[in-house]
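*Asks:* Per numbering that gives the first Met the number 0, the sequence shown starts with residue 0, numbered consecutively. Beta carbons are placed, not taken as given, at the ideal position from N, Cα and C, and that holds for glycine.
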Amino acid sequence: MTESTASFWLERAGSWQPQDPGALPARSDVVVIGGGMTGLRAAQRAAALGAHVVLLEQRALVGGATGRNGGHVVAGPSDSTAATVRLLGMAAAREIWDFTLHTVSAMRDFVAAENADCDLKFAGTALLAFAEHELAGFEADAALLQTMGIAAQQWSRAECAVRTHSDAFIGGLFYPHGGQLWPAKLARAVAVAAARSGAQLFSGVQVQAVTADGAMLRVQTSAGALQARAVIHASNGWARRLLPELHDVLVPVRGQVLATAPAEPMWDFGLVANDGYEYWRQMADGRIVLGGMRWRSADMGRDCDDDTQLDAETAAGLRAFLPAHFAALAGLAVEYEWSGVMCYTPDGQPLVGALPGRPGEYIAAGYTGHGMPLAFMAGCCVAELALGAPPTIMANAFSPKRFANGTL
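(1) I need the straight-line Cα distance from GLY269 to LEU126, nearest angstrom please.
(2) Straight-line CA distance for ALA208 to ASP116?
(3) Could you check whether the segment 197 to 211 touches the segment 139 to 152, counting it as contact only if at least three pairs of C-beta atoms, one from each stretch, sit closer than 8 Å?
(4) Do the CB positions of CYS342 and ALA364 come within less than 7 Å of each other?
(5) Is THR83 helix, strand or coil by DSSP?
(6) Can you find a CB in chain D that lies within less than 7 Å of the CB of THR65?
(7) Does the Cβ-Cβ distance between ALA74 and THR99 come in under 7 Å?
(8) Tell me where the alpha helix (DSSP H) around PRO182 begins and ends.
(9) Taking just the CA atoms, how far does TRP337 sit from SER6?
(10) Where do the ends of the beta strand (DSSP E) carrying LEU350 lie?
(11) Is the segment 66 to 84 touching the segment 13 to 21, taking contact as three or more C-beta pairs under 8 Å?
(12) Are there 16 or more other CB atoms within 10 angstroms of the CB of SER296, so buried, or fewer, so exposed?
(13) Count Cβ pairs between the segment 167 to 182 and the segment 132 to 143 that sit closer than 8 Å; are there 3 or more?
(14) Does the segment 217 to 230 touch the segment 298 to 318, meaning 3 or more C-beta pairs lie closer than 8 Å?
(15) In chain order, what residues of the same chain lie with their CB nearer than 6 Å to the CB of ALA238, ignoring the 5 residues before and after it?
(16) Have a look at ASP284 and LEU9 and give me their C-alpha separation to the nearest angstrom.
(17) If we count Cβ pairs, one from each stretch, closer than 8 Å, do we get three or more for the segment 374 to 393 versus the segment 41 to 54?
(18) Report back the beta-carbon spacing between ASP306 and ARG253 to the nearest angstrom; my notes put them in contact at under 8 Å.
(19) Starting from PHE411 and walking both ways along the alpha helix (DSSP H), at which residues does that stretch end?
(20) Label HIS369 either buried or exposed according to how many other C-beta atoms from any shown protein chain fall within 10 Å of its C-beta, with 16 as the threshold for buried.
(21) When the Cα of PRO251 is compared with those of GLY300, ALA258 and LEU242, which residue comes out closest?
(22) Thinking just about the alpha-carbon of each residue, which of ASP166, ALA190, THR344 and GLY177 is nearest to the one in GLU56?
(23) Taking GLY177 as the reference, which of THR65, ALA394 and PRO372 has the closest Cα?
(24) From ALA92, ASN68 and LEU54, pick the residue whose C-alpha is nearest to that of SER79; which is it?
(25) Mapping DSSP to helix, strand and coil, what is ALA363?
(26) Within 10 angstroms of its Cβ, does ALA183 collect 16 or more other Cβ (buried), or is it exposed?
(27) What whole-angstrom Cβ distance do THR351 and ALA388 have, given they're in contact under 8 Å?
(28) Rounded to whole angstroms, how far is the Cβ of ALA59 from the Cβ of GLY339, which I believe are closer than 8 Å?
(29) Pick out the complete beta strand (DSSP E) segments inside the segment 304 to 347, 3 residues or longer, and give them in chain order.
(30) Three-state secondary structure (DSSP) at VAL20?
(31) If I'm right that VAL31 touches VAL61 with Cβ under 8 Å, what's the distance once you round it to whole angstroms?
(32) Can you tell me whether DSSP reads ARG156 as helix, strand or coil?
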């Protein structure tokens with residue numbers, strides 16, 4: 000298999016040897032497909048509930064989007080709150096906010112309980128406007144969030160200049176609950192907890208098909224077949240390979256990220272600009288991690304699940320972004336560049352729950368570039384559903400039933 004591009008998060012996370020899972024068993028209560036945050040959390044939760052769990056990852060654990068994103072965890076919907084209200088209604092928008100805020104809280108609790116070294120902090124996230132239409136959107140969101148009781152602060156042009164060290168932005172909206180983390184390190188901690196609870200975590204095993212087998216499900220893999228009472232699809236950008244009926248629903252989208260050499264301290268909070276198309280944050284050692292610029296590529300990265308390549312136009316845009324807007328960063332060297340595969344849905348919301356027409360099969364995927372404030376609890380809840388337990392929290396907008404007949 001061709002090597003993926005080298006992610007800063009994976010290259011600098013330190014050595015890690017997952018627990019040897021032993022031999023692939025002939026059967027299991029639950030089979031989880033995908034070894035990222037969603038799948039590992041699903042495995043951990045199902046095992047903690049007493050189930051025998053097998054997790055199957057086609058590559059290395061944490062090697063997909065979980066180890067390749069921008070390192071942000073910002074509660075809220077993938078689009079603006081105002082746009083979400085227009086599309087889905089106020090009640091659905093409130094549910095999405097509640098789900099993501101619960102996810103953030105659950106992540107905090109897990110990190111504390113496991114003493115997980117993953118640099119999780121909540122210094123806030125600033126949404127920044129280059130254009131008037133963005134500023135109008137921030138004003139609409141601020142009004143809605145006030146009615147919901149969710150904290151947000153509008154920034155003037157002058158305040159943006161002081162806070163960001165740049166005159167490029169005409170205004171902003173600051174989320175004090177916005178967070179940053181080292182995503183691969185958190186996922187590794189979840190893997191350790193899952194294995195401790197008895198889950199068998201296999202890497203380098205590709206699932207080729209899932210079919211009905213009497214009262215069970217047959218999971219055919221590159222290492223042989225096994226039976227399962229329930230199967231959880233948690234492979235995000237690769238999920239549609241096993242679910243052809245969702246080919247036009249779960250669309251892989253390749254994004255790109257870079258990490259610079261250390262710079263002087265500029266921000267302790269996360270920053271997002273250009274309607275979310277660019278996002279960056281500074282590490283404790285001064286390195287800046289910047290992602291985005293998909294709009295520079297011919298196809299916006301759509302229908303691409305290949306993270307072994309970089310798009311040259313996207314890479315050029317990323318390299319130019321920081322010096323173009325922050326004079327102090329002129330000449331700053333780039334040390335890492337990598338790509339990662341996200342998964343987008345037609346309405347911007349994930350699929351979390353039972354798969355229509357597939358008894359015993361469940362899914363948590365399709366985060367539309369917004370996985371960190373969703374995946375941790377999505378994996379937990381889909382594991383609970385697979386075992387017949389009530390989910391800890393759920394949003395009706397995430398139901399896979401909305402795509403039972405294809406796209407919306």
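*Replies:* Once the coordinates are examined:
(1) 9 Å
(2) 36 Å
(3) no
(4) yes
(5) helix
(6) In the displayed structure, chain D is absent; only one protein chain is listed.
(7) yes
(8) 182 to 195
(9) 5 Å
(10) 350 to 353
(11) no
(12) buried
(13) yes
(14) no
(15) HIS232, LEU249 and ALA364
(16) 16 Å
(17) yes
(18) 7 Å
(19) Since the first and last residues shown for the chain are 0 and 407, residue 411 lies out of range.
(20) buried
(21) GLY300
(22) ALA190
(23) PRO372
(24) ALA92
(25) strand
(26) buried
(27) Looking at the sequence provided, one finds Val at residue 351 rather than Thr. Between ALA388 and VAL351 the Cβ distance is about 15 Å, and since that is not below 8 Å, they are no contact.
(28) So it is not a contact: roughly 14 Å between Cβ atoms.
(29) 333 to 343
(30) Per the sequence presented here, residue 20 reads as Pro, with Val not at that position. Of the three classes helix, strand and coil, the one that applies to PRO20 here is coil, per DSSP.
(31) Rounded, the Cβ-Cβ distance is 14 Å, inconsistent with contact.
(32) helix
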